[in-house]
Amino acid sequence: MKSRLYPLLLINNIAFIAGIILSYKLWITDRNFPIIAFVEKLPQLPSYLDQLPVLALIALLLLQLIFQKRILFFISLFILCYLLCQDLMRWQPWVYLNGLFLFPFCFSSKKEKHLFNYYRVILIGIYFWSGFYKLNIDFAEHIFVDSIRQVFNINLTKYTYLAYTIPITEIFIAVALIFKKTRKLASILAILIHLSILLWLSPIGGNSNSVIIPWNLMMIAFIYLCFIRRDDTPLVSSTQIRKFSGLIALSVVFLPILYTFGYWPYYFSFNLYSGQGKSFYISLDDEDFLNEDESFRNSCYSSVYINDQNNIKLSSWSYHALNVPTPNDEKIYIKVAEEICKKATTAEFYISDRIKYTQNSEILTCDNR
Numbered sequence: 004m005k006s007r008l009y010p011l012l013l014i015n016n017i018a019f020i021a022g023i024i025l026s027y028k029l030w031i032t033d034r035n036f037p038i039i040a041f042v043e044k045l046p047q048l049p050s051y052l053d054q055l056p057v058l059a060l061i062a063l064l065l066l067q068l069i070f071q072k073r074i075l076f077f078i079s080l081f082i083l084c085y086l087l088c089q090d091l092m093r094w095q096p097w098v099y100l101n102g103l104f105l106f107p108f109c110f111s112s113k114k115e116k117h118l119f120n121y122y123r124v125i126l127i128g129i130y131f132w133s134g135f136y137k138l139n140i141d142f143a144e145h146i147f148v149d150s151i152r153q154v155f156n157i158n159l160t161k162y163t164y165l166a167y168t169i170p171i172t173e174i175f176i177a178v179a180l181i182f183k184k185t186r187k188l189a190s191i192l193a194i195l196i197h198l199s200i201l202l203w204l205s206p207i208g209g210n211s212n213s214v215i216i217p218w219n220l221m222m223i224a225f226i227y228l229c230f231i232r233r234d235d236t237p238l239v240s241s242t243q244i245r246k247f248s249g250l251i252a253l254s255v256v257f258l259p260i261l262y263t264f265g266y267w268p269y270y271f272s273f274n275l276y277s278g279q280g281k282s283f284y285i286s287l288d289d290e291d292f293l294n295e296d297e298s299f300r301n302s303c304y305s306s307v308y309i310n311d312q313n314n315i316k317l318s319s320w321s322y323h324a325l326n327v328p329t330p331n332d333e334k335i336y337i338k339v340a341e342e343i344c345k346k347a348t349t350a351e352f353y354i355s356d357r358i359k360y361t362q363n364s365e366i367l368t369c370d371n372r
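Position 186 of the sequence shown, counting from 1, maps to 189 under the working numbering, and the rest follow consecutively.
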């Protein structure tokens, strides 16, 4: 007899595998985009075996759908941790969540009743922090305005205040999911938000971030299974809070506040399309630019503030090369600059404290990075 958590496992693993396939170059080391190690001295496999860890992870995710043995979940999480330590570019929000959603299956099925609320607590945290970090001017002026223009061909530059309805709605969803009387309304609003994101990701919206399509479909399914189908069950009890899984879930919910002080990763804080964070740009001369691969050359960025050389935005390059955005981490920027300087000693780099290039951006070269 399958566990009542099995539908969650099925959806999570299918979405995780789909995300990995859509960003397959992210998970291998034989690629042009630099590997940014979190643990510098981590043992590396030979180049002919560089696909072994990700293939083993996919195989384990499939096996878990047939055999819900705890050892399979422990091994898959160990491999995932290895892959995350190998490359900071893999620290994507959907990777973090898919990994967290495997965690309850490391425990005995006797605790199933308590483990179900583990998912609900984390989902509430996602909506709260996603809304919280969107309460800023860059979300209103750039993310919101650009998205509306892409999807509906409407210019809301003069009405940026409308953007704040989105974060306020997300925070409302988080709070409303706590209470039985408002849970169904909050669930419907959450599903509508994810459907809007899927519209934005469709050919209509013209957005290229296809890797988060499985994640958004998963979130819709999780909202239904956790809050609509089970809206009569209490959210959490003092007994559950004292359990290890309950402590993990609460930690996941409260740790994102540390990002504000620079002590927690950008995407692990559910900082999703918030408009916050820095941006990084690379400028090369004609010869060095033409020596780069196609994914690099297709990532050009124009600005009146950058010189007339060939310029690319790092996040655009990572989209073209790996199909994922670049996490907001200066360690990534410095490592990329080091790798570029090995081939192009005249390269220049610009670090902006906004998501778009500004006149006050910091300028680095291969000699003073």
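Each residue gets a CB set at the ideal place from its N, CA and C atoms; glycine is no exception.
Buried versus exposed call for residue i [16 or more other C-beta atoms within 10 Å across all chains shown]
i: Pro-268; result: buried
i: Arg-93; result: buried
i: Asp-90; result: buried
i: Gln-47; result: exposed
i: Leu-287; result: buried
i: Pro-49; result: exposed
i: Asn-120; result: buried
i: Leu-118; result: buried
i: Leu-254; result: Sequence inspection shows Ser at residue 254; the Leu mentioned does not correspond to that position. Ser-254 is exposed by the Cβ-count criterion.
i: Tyr-266; result: exposed
i: Tyr-336; result: buried
i: Ser-241; result: With a pLDDT of only 48 at Ser-241, under 50, the local geometry of the prediction cannot be trusted, and the value read off the model is given with reservation. Burial call: exposed.
i: Phe-147; result: buried
i: Tyr-304; result: buried
i: Ile-200; result: buried
i: Asn-15; result: buried
i: Val-214; result: buried
Residue i (DSSP reduced to helix, strand or coil)
i: Thr-348; result: coil
i: Ser-241; result: Unreliable positioning characterises Ser-241 in this predicted model, as indicated by a pLDDT of 48, which lies under 50. The coordinate reading is nonetheless provided below. In the structure shown, Ser-241 sits in a helix (DSSP, three-state: H, G or I).
i: Thr-368; result: strand
i: Leu-287; result: strand
i: Lys-316; result: strand
i: Ile-31; result: coil
i: Ile-14; result: helix
i: Ser-355; result: strand
i: Ser-302; result: coil
i: Ser-282; result: strand
i: Phe-271; result: helix
i: Ile-39; result: coil
i: Gln-95; result: coil
i: Leu-138; result: coil
i: Pro-107; result: helix
i: Gly-265; result: coil
Contact set for residue i: own chain, Cβ-Cβ below 7 Å, skip 5 residues either direction
i: Phe-292; result: Arg-300, Asn-313
i: Lys-281; result: Asn-331, Ile-354, Ser-355, Asp-356
i: Val-124; result: Val-239, Ala-252, Leu-253, Val-256
i: Leu-103; result: Ile-125, Val-255
i: Ile-151; result: Ile-157, Leu-159
i: Ala-40; result: Gln-89, Asp-90
Contacting residues, own chain, Cβ-Cβ under 6 Å from residue i (five flanking each side not counted)
i: His-323; result: Ser-298, Asn-301, Ser-302
i: Ser-318; result: Pro-328, Thr-329
i: Tyr-167; result: none
i: Glu-351; result: Ser-286, Thr-368
i: Ile-223; result: Ile-194, His-197
i: Tyr-262; result: Ser-272
Distance, residue j Cα to residue i Cα
i: Leu-13; j: Ala-179; result: 27 Å
i: Gln-95; j: Asn-156; result: 29 Å
i: Tyr-122; j: Asn-212; result: 25 Å
i: Pro-217; j: Asp-370; result: 43 Å
i: His-197; j: Asp-289; result: 42 Å
i: Asn-363; j: Phe-283; result: 13 Å
i: Leu-228; j: Gly-278; result: 31 Å
i: Asp-296; j: Phe-36; result: 9 Å
i: Leu-87; j: Glu-341; result: 21 Å
i: Thr-349; j: Ser-26; result: 31 Å
i: Val-98; j: Phe-19; result: 7 Å
i: Arg-34; j: Ile-231; result: 43 Å
i: Met-221; j: Ile-17; result: 9 Å
i: Lys-44; j: Ile-38; result: 13 Å
i: Ala-347; j: Leu-11; result: 48 Å
i: Trp-30; j: Asn-294; result: 24 Å
i: Asp-53; j: Ala-59; result: 11 Å
i: Ile-366; j: Cys-344; result: 14 Å
i: Ile-244; j: Tyr-162; result: Only weak support exists for where Ile-244 lies, its pLDDT of 47 falling under 50; the value from the coordinates is given anyway. About 43 Å.
i: Glu-144; j: Leu-68; result: 44 Å
Proximal residues to residue i (C-beta, below 8 Å), its chain only, five neighbours per side dropped
i: Tyr-9; result: Gln-71
i: Cys-109; result: Arg-73, Phe-76, Phe-77, Leu-80
i: Ile-191; result: none
i: Leu-188; result: Ala-179
Cβ of residue i within 8 Å of any chain B Cβ
i: Met-221; result: No chain B is present in this structure, which holds just one protein chain.
Would you check if there are 3 or more beta carbon pairs closer than 8 Å linking the segment 119-135 to the segment 264-282?
yes
Is the segment 171-182 touching the segment 134-147, taking contact as three or more C-beta pairs under 8 Å?
yes
Using 8 Å as the cut-off, can you tell me whether the segment 73-82 makes contact with the segment 46-65, which would need three or more C-beta pairs spanning the two stretches below that distance?
yes
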